[in-house]
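>
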Amino acid sequence: MKKVILSVAVIAAMGLTSCNSQTKKEVNTSTTEVSQELAMANTTFGVRGNCGMCKKTIEKAANSVDGVSNASWDVDKKKIDVSFDDSKTDAMTIHNAIAASGYDTEMVAGDLDAYDGLPGCCKYDHEMAMNQTGDKKDDDDSNQDH
Ligand SMILES: [Cu+2]
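Per mature numbering (1 follows the signal peptide of the UniProt record, and there is no 0): the sequence shown = residues -21 to -1, 1 to 125.
What follows is the structure, given as structure tokens:
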């Protein structure tokens, strides 16, 4: 008789715990998006370069422009993403700053004296394609008509 009572109690306890485990608290992850981007603009454009040192030079040049808040150059895609305050600067100023550091952009050819001063590994090919997909493919035939 005691065993029966005990097992009922156990079953009841199990029922309770399983009920409890089902009441998960819904975590409300409301992202607080700061509306800081009112005056912010983004631009993305091609910049030639080879390596991590190029990345540093290119990003430093872009960040040196007053109003630029973030610059990120992609070594595989040969392009840069820049966030800037468009009340302080514009895309052309950023192109010029990068070109002055020796690097070609889509719009402005790199300064040749600055290019000569770059480390050997950074002397990129002036024929290099910009705005690449970043896919590790040797030949890209996706643009060809068939
Ligand atoms: Cu380099």
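The beta-carbon is built from N, C-alpha and C at its ideal position, and this holds for glycine as well.
Quantities reported herein were computed from a predicted structural model and do not represent experimental measurements.
Taking the C-alpha atoms as reference points, what is the distance between V45 and T68?
Just to set this straight, residue 45 is Asp in the shown sequence, not Val. Answer to the nearest angstrom: the Cα atoms are 7 Å apart.
> Taking the alpha-carbon positions, what's the G28 to D92 distance?
16 Å
> According to DSSP, is T23 part of a helix, a strand, or is it coil?
strand
> If you check the beta carbons only, do I73 and G89 fall under 9 Å apart?
no
> Report buried or exposed for V18, applying the criterion of at least 16 other Cβ atoms within 10 angstroms of its Cβ.
The sequence given here places Ala at residue 18; Val does not occur at that position. So A18 ends up on the exposed side.
> Can you find a heavy atom of ligand 1 that lies under 8 Å from the Cβ of L91?
Between ligand 1 and the CB of L91, the shortest heavy atom gap is not smaller than 8 Å.
> Put N49 into one of helix, strand or coil per three-state DSSP.
strand
> Could you tell me whether the Cβ atoms of G81 and T23 are closer together than 9 Å?
no
> So for D95, helix, strand or coil by DSSP?
helix
> Taking its Cβ as the centre, do 16 or more other Cβ atoms sit within 10 Å of A108, making it buried, or is it exposed?
Residue environment: A108 is assigned as exposed (fewer than 16 neighbouring CB atoms within 10 Å of its CB, all protein chains considered).
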